[in-house]
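The structure appears right after this line, and notes come after that.
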Amino acid sequence: MKLKKLGAFAATGAMALALALTGCGSSNATSGSDAGSSSSDNAKVEKVDGSKKYALVKDGTLTVGTSAEYAPFEYKDDNGDYQGFDLELIKAIADKLGLDVEYVNNDFDTLVPGVASGAKYDVAIAAITDTPEREKEVAFSDSYYMDDQAIVTKVDNADITADNYSEKLNNADATIIVQSGSTAEAFAQENFPKAKIVPYKDATECFSALQSDKGDAVVTNRSVASQLTAEQFNTCHTVKQISTGEEYAIAINQGNTKLKGDINQAIKDLTDDGTVDALMAKYNIK
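According to this note's numbering, the sequence shown is numbered sequentially starting from 1.
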């Protein structure tokens with residue numbers, strides 16, 4: 001993993017911290033119950049009462065927009081409970097700010113506008129890449145993960161390879177599947193302008209469509225492709241990883257400067273004390 005803004009993560013005590021972290025599973029996105037509380041003895045910023053400290057949708061609660069179909073970053077387990085690297089990270093951040101958490105699950109392309117409105121979400125976390133276009137609507141925290149793009153096809157499709165994918169996909173006969181509103185969609189439009197680009201609402205729908213022969217390839221983030229092709233979509237595989245250096249960050253309303261500053265400090269603290277490394281190990285994120 002690479003980070004431009006934060007430097008290398010501290011690894012000492014990472015696995016112990018992973019066991020100590022409170023999971024995201026107890027949160028209910030519609031009822032507003034929080035995901036539990038946890039704090040680190042090694043944190044540089046003590047937990048405080050944030051109920052009156054920030055301008056929030058609900059006093060004392062960080063309302064978090066997410067799109068829980070993007071394992072290993074955010075998803076629901078078999079019991080319908082929220083899980084994932086992003087959701088545990090934002091829970092740990094909220095705990096440092098003295099706030100409860102409410103997750104609101106929605107389509108990915110609604111998240112940035114929802115934060116920008118100031119009325120729907122306080123923040124959004126969903127493997128969101130910080131881009132100049134999105135910065136016109138929202139502010140972003142410091143980066144917490146760097147990812148790339150991947151070209152995924154069915155295993156039995158021998159026509160598209162790492163050597164010829166650009167030629168094969170950039171033609172009028174090709175259909176490329178992407179998540180609506182994602183950087184993968186923008187990447188496909190820019191790099192395969194002759195192809196038919198078909199957006200779906202989430203990663204699971206994208207891979208299901210590919211598996212059902214509704215397209216020739218999926219363009220998606222490398223880390224997500226790795227997870228999904230190793231599990232429920234093992235009839236698909238990555239044929240090409242493309243280095244794009246996309247920085248994941250938390251979307252924050254532009255007017256909430258105090259919240260942004262404290263989130264950045266919390267990210268730094270959680271990086272320094274090994275919590276971020278522990279979460280990466282827990283969710284097998286490289």
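For glycine and all other residues, C-beta sits at the position ideal for the given N, C-alpha and C.
Query	Result
Identity of the residue in L228, F207 and A172 nearest V178 by Cα	F207
Paired residues, beta bridge with T175 - DSSP	K196
Residues near N299 by beta carbon distance below 8 Å, same chain, minus five either side	Outside the displayed span of the chain (1 to 286) sits residue 299, for which this structure offers no information.
Per-residue burial, G245 [other beta carbons within 10 Å of its own, 16 or more giving buried]	exposed
Run of the beta strand (DSSP E) containing I242, from where it starts to where it stops	C236 to Y248
DSSP state of A278 mapped onto helix, strand, coil	helix
Residues near A188 by beta carbon distance below 6 Å, same chain, minus five either side	I176, V178, I197 and V219
Cross-strand partners of I252 (DSSP beta bridge)	V123 and A139
Cβ pair D202, K154 closer than 9 Å	no
At least 3 beta-carbon pairs within less than 8 Å: the region 232-240 vs the region 248-258	no
Between the CA atoms of N256 and D109 - distance to the nearest angstrom	21 Å
Contact check, A127 vs Y145, beta carbons under 9 Å	yes
Cβ pair A174, A225 closer than 9 Å	no
Per-residue burial, G80 [other beta carbons within 10 Å of its own, 16 or more giving buried]	exposed
Closest Cα partner of A55 within the set D78, L87, L259 and V64	L259
DSSP beta-bridge partners of V64	Y103 and V123
Unbroken alpha helix (DSSP H) run spanning Q211, endpoints	A203 to Q211
As assigned by DSSP and simplified to three states, the class of T129	strand
Within 9 Å, strictly: CB atoms of P72 and Q227	yes
Stretch-stretch touch, CB-based, cutoff 8 Å, three pairs: the region 110-117 with the region 64-78	yes
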